[in-house]
Structure formats: C-alpha cells, structure tokens
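Per this note's numbering, the very first residue in the sequence shown carries number -7; after that it's consecutive. Notes to accompany the following structure.
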Amino acid sequence: NAVEKIGMPEGRILLSQAVTYIATAPKSNASYVAIDEALSDVRNKALLPVPIHLKDTHYKGAAQLGHGEGYQYAHSAEEGWVDQDYLGVEKEYYRPVERGYEATIRKRLDVFKQRRKKTGTDEDTRS
C-alpha cells in the first residue's frame, strides 16, 4: 500500500529497507511456537476453566457468583503489570529466546517470575 501511494521508482527504497531489516533481524520462532501450542490445546480440547476473577461481570447475578472478585487492572498499575494469575494452572506458552528484543522480554519476564516467588503466588510467568 505504501509503495502504491509513493509510486516508483521511490517505492523501491521502502521495499529495500524493509527487506534489509527483515533479513538482518535476529530470528526467533517463539511467538509462532506459542500460538501453535495454544491452538493445539484448543483443538485437543485441553481447555482450562476461566479463573473466577476474569469471568464476565456485565450481567445481573455475576457479582453473586463471585465473578470479577479480586481482579486487578494491570493498565492502572505503575509498571503496567500486576501479580495475578490469568491461566489458573502452571502453563507457559511463550518462551522468548536470548537474542534480539526477545532477550529484553525474557529479562522482564524473569523479573516478574522473581516477584511471584517473593509473594509466593507462583513460580512461573503463566504466559
């Protein structure tokens, strides 16, 4: 779409920059493996019950069932992260590699893992 708007021959510059970036970027299939594992769980009906604090609260009677109780809104937290369980089991889909930007993500997940150990709520990132 960008090339169509800019036109040729200038569009070739955008294309060459995109190709160069992709060709030289650190490679990882961690996201692709994670989504495939999650989809496999869905296909194989290895579905997990939704934790009570994540269940819908927008209907009459939800509060009486405990839906939403204890939910923490991560977007309001100072760091955009709260120590809360989202899967209900020890399961990790996303396992970033130790290169490129994923190394930064891995470090961040490790910080969260350490915080969970300190609070005793969990020993994994429950990604």
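Each residue gets a CB set at the ideal place from its N, CA and C atoms; glycine is no exception.
query	result
State the Cα-Cα distance for the pair Val34 and Ile(-2), rounded to the nearest angstrom.	43 angstroms
Quick one: grab the DSSP three-state call for Arg98.	helix
Is Ala10 buried or exposed, if buried means 16 or more other CB atoms sit within 10 Å of its CB?	exposed
For Ala17 and Val89, which I take to be in contact (beta-carbon distance under 8 angstroms), what is that distance rounded to the nearest angstrom?	Contact flag wrong, Cβ pair sits at about 12 angstroms.
Tell me where the alpha helix (DSSP H) around Lys(-3) begins and ends.	-6 to -2
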